[in-house]
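Residue numbers (my numbering): 1301 to 1451.
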C-alpha cells in the first residue's frame, strides 16, 4: 500500500489520496491499492476489510511505519547520493527518482508528519481525519519542493 500511496502523493493525485484516507477509516482497502496487492499476490485476494477498530488502527499504524521506511530511504538517497544503499532494494528506481525531486528539508517534514499521524492513531484519534490531514501535509510538501525547484 505504502508504495502506491507514495506514488499517488508524488504525482499530486489529491482525490486518490483523500479517498484512500476515508477508505482506511472504514477499514476498506482503496480499490487501486487492493488491485495492486492482488496483482502482486498472483491474483489471489490479498487484503481483507478490517472490521474491528483495533484492526483498522493497526492497519493504519503499519501503513505509517511503511511510509516512514520509504521516506527514510528517499532521504538517505537524497543526502548520500552514490554512497546510498537502499533498504527497499525492489523499489530502488522509484526511490532514486523521488529523491531527485525532493529536498532533504521537505523529506524531514514528511517523516515528522507521518510520525505525528502514527502517534495520533495510536492515541485513538479518528483514523480517517488523521490520514486525511497526513496526506494533505505530504501533498503540500511535494508541491513546496516542486515550486522551490521551479518545475
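Using N, Cα and C, we set each Cβ at its ideal position, and we do this for glycine too.
Being a predicted model, the structure only gives us computed values, none of them experimental.
Pick from the options that is closest to residue i, judged by C-alpha positions
{"i": "residue 1294", "options": "1353, 1450, 1388", "result": "Nothing in the structure corresponds to residue 1294, since the chain is present only between 1301 and 1451."}
{"i": "residue 1369", "options": "1442, 1448, 1391, 1328", "result": "1391"}
{"i": "residue 1302", "options": "1381, 1321, 1325, 1367", "result": "1367"}
{"i": "residue 1359", "options": "1441, 1418, 1445", "result": "1418"}
{"i": "residue 1326", "options": "1427, 1309, 1444", "result": "1427"}
{"i": "residue 1447", "options": "1323, 1312, 1365", "result": "1312"}
{"i": "residue 1424", "options": "1361, 1323, 1322", "result": "1361"}
{"i": "residue 1371", "options": "1351, 1415, 1322", "result": "1415"}
Cβ-based burial, residue i [other Cβ within 10 Å; buried from 16]
{"i": "residue 1441", "result": "buried"}
{"i": "residue 1449", "result": "exposed"}
Proximity below 8 Å, CB of residue i to CB of residue j
{"i": "residue 1394", "j": "residue 1413", "result": "no"}
{"i": "residue 1328", "j": "residue 1349", "result": "yes"}
Nonlocal neighbours in the same chain, by C-beta distance under 7 Å from residue i, ignoring five residues either side
{"i": "residue 1404", "result": "1375, 1378, 1379"}
{"i": "residue 1351", "result": "1327"}
Own chain partners of residue i with C-beta closer than 6 Å, once the 5 adjacent residues on each side are dropped
{"i": "residue 1445", "result": "1402, 1403, 1406"}
{"i": "residue 1321", "result": "1428, 1431, 1432, 1435"}
Contacts around residue i, its chain only, beta-carbon distance under 8 Å, and the 5 residues preceding and following it disregarded
{"i": "residue 1309", "result": "1317, 1435, 1438, 1439, 1442"}
{"i": "residue 1355", "result": "1327"}
{"i": "residue 1365", "result": "1418"}
{"i": "residue 1381", "result": "none"}
Near the ligand SAH: residue i beta-carbon under 7 Å from a heavy atom
{"i": "residue 1378", "result": "For the ligand SAH, the structure offers nothing, since it holds no ligand at all."}
*Could you tell me whether the stretch 1371-1379 touches the stretch 1396-1404, where touching means 3 or more Cβ pairs closer than 8 Å?*
Touching, yes.
Problem - Given 8 Å, three or more beta-carbon pairs between the stretch 1314-1326 and the stretch 1416-1431 - result: Touching, yes.
Validate contact between the stretch 1386-1395 and the stretch 1406-1420 using beta carbons, cut 8 Å, 3 pairs:
no
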